Amino acid sequence: MSKQQIVHHKLLRVFVWELPVRVYHWLNAASITALVVTGFFISNPPALQVSDEAVFRFWFGKVRFIHFVAAYLFLFNFIIRIYWGFVGNKYASWKNFIPTNRRFFREMWQVIKMDILQLKGKEHMAVGHNQLAGFIYFLTFIAFVVQVITGFGLYAATSNWWFPQLFAWVPGMFGGDAPLRHFHHAAMWFFILFAVVHVYLVFYHDYVEGRGEISSMGGGWKFIEEEAVEELKTHK
1 MSKQQIVHHK
11 LLRVFVWELP
21 VRVYHWLNAA
31 SITALVVTGF
41 FISNPPALQV
51 SDEAVFRFWF
61 GKVRFIHFVA
71 AYLFLFNFII
81 RIYWGFVGNK
91 YASWKNFIPT
101 NRRFFREMWQ
111 VIKMDILQLK
121 GKEHMAVGHN
131 QLAGFIYFLT
141 FIAFVVQVIT
151 GFGLYAATSN
161 WWFPQLFAWV
171 PGMFGGDAPL
181 RHFHHAAMWF
191 FILFAVVHVY
201 LVFYHDYVEG
211 RGEISSMGGG
221 WKFIEEEAVE
231 ELKTHK
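Oh and the sequence shown: position 104 is 104 in our numbering, straight run, nothing missing.
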């Protein structure tokens, strides 16, 4: 019976996610969930047969109100996160999301080989987001901007406030409200797919690596291999 080789790593408790990043994460999750659920009702409202007058059953207006409130929460939460990418710690920095050098691409390819293609090689140990995750989040931020522009473009026709009116030009670019609504609804599926993959990978890495991936978004601390922390210091 062959003996299984066990490799022991010295783990360091590292504070990674600052409070604004953690608040952003959970507010973003809550607002996206509300937007998706109410978005389904808005795109395909159910036919409810009730005996009361419609004026006493303003449930669809409440659905739209929740959708709009969640949209504003989503937008301003996103703006604060962009700001924190410039003033926060090194794990929150925008440099973790946008490829700025060859090393970023090399490490991203290393993560792809190990995590996706399941090829043999040196495991890439990241303290915050690894390069592949950071780049995917960057693409997600672009999708955020697209949804904000198209969503407020649809809202502009029914709002008298000056802010939604800044997007009144958007429907014309898509050929009217109907094509814009279809695009906005289709783009919603990107967020659903992202959420499914994101949750799966978080639980997967937490189980495989044991670094406290899940709990880190609650308290901010992760357990990181000592060599990973030392390697990060050499690349400052």
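Even for Gly, the Cβ is constructed at its ideal location relative to N, Cα and C.
These figures come from a predicted structure and were not determined experimentally.
Candidates the options, of which the one nearest residue i by Cα
| i | options | result |
| --- | --- | --- |
| proline 46 | Leu35, Val36, Trp59 | Trp59 |
| isoleucine 192 | Val36, Leu11, Tyr24, Val14 | Val36 |
| threonine 140 | Gly128, Ile79, Tyr24, Phe194 | Phe194 |
| tryptophan 17 | Val199, Glu226, Tyr72, Met217 | Met217 |
| leucine 154 | Val21, Asn28, Ala29, Ser43 | Ser43 |
| proline 99 | Phe74, Tyr137, Gln165, Met114 | Tyr137 |
| phenylalanine 163 | Val87, Phe105, Leu75 | Leu75 |
| isoleucine 82 | Met188, His184, Trp189, Val145 | Val145 |
| methionine 80 | Lys222, Leu12, Leu27 | Sequence inspection shows isoleucine at residue 80; the methionine mentioned does not correspond to that position. Taking only the C-alpha atoms, the option nearest isoleucine 80 is Leu27. |
| glycine 85 | Val69, Ala71, Tyr24, Phe65 | Tyr24 |
| glycine 88 | Phe152, Leu19, Phe41 | Leu19 |
| leucine 166 | Arg181, Leu180, Thr150 | Thr150 |
| leucine 73 | Ala29, Lys113, Arg22 | Ala29 |
| alanine 186 | Gly61, Gln147, Val196 | Gln147 |
| phenylalanine 152 | Phe203, Ser215, His184, Arg103 | His184 |
| serine 31 | Phe40, Val63, Phe41, Val69 | Val69 |
| phenylalanine 78 | His205, Val21, Phe15, Pro179 | Val21 |
| methionine 114 | His205, Asn101, Val199 | His205 |
| isoleucine 224 | Ala71, Asn101, Gly128, Lys62 | Gly128 |
Residue i - DSSP class collapsed to helix/strand/coil
| i | result |
| --- | --- |
| arginine 13 | strand |
| tryptophan 169 | coil |
| isoleucine 98 | coil |
| threonine 91 | The residue asked about is misnamed: residue 91 is tyrosine in this sequence, not threonine. Three-state DSSP puts tyrosine 91 in coil, outside helix and strand. |
| glutamate 18 | coil |
| glycine 210 | coil |
| glycine 128 | coil |
| isoleucine 6 | At isoleucine 6, the pLDDT of 49 sits below 50, so the modelled position is not reliable and the matter cannot be decided from this model. |
| asparagine 160 | coil |
| phenylalanine 58 | coil |
| asparagine 44 | coil |
| glycine 175 | coil |
| serine 215 | coil |
Residues bridged to residue i (per DSSP)
| i | result |
| --- | --- |
| phenylalanine 223 | Arg13 |
Rounded distance between the beta-carbons of residue j and residue i, thought under 8 Å
| i | j | result |
| --- | --- | --- |
| threonine 262 | histidine 67 | Here the chain covers residues 1 to 236 and nothing more, so residue 262 does not appear. |
| valine 226 | lysine 90 | The question names valine, but residue 226 is glutamate in the sequence shown. The Cβ separation is near 18 Å, so there is no contact. |
| tryptophan 221 | arginine 13 | 6 Å |
| glutamate 213 | valine 202 | 6 Å |
| phenylalanine 105 | alanine 143 | Wrong, their Cβ atoms sit about 21 Å apart, outside the cutoff. |
Pairs of beta-carbons, one from the region 131-146 and one from the region 98-113, closer than 8 Å: are there three or more?
yes
So does the region 78-94 actually touch the region 172-183, counting three or more Cβ pairs closer than 8 Å?
no
Is it the case that the region 205-219 contacts the region 157-167, given that we only count it when at least three CB pairs across the two stretches are under 8 Å?
no
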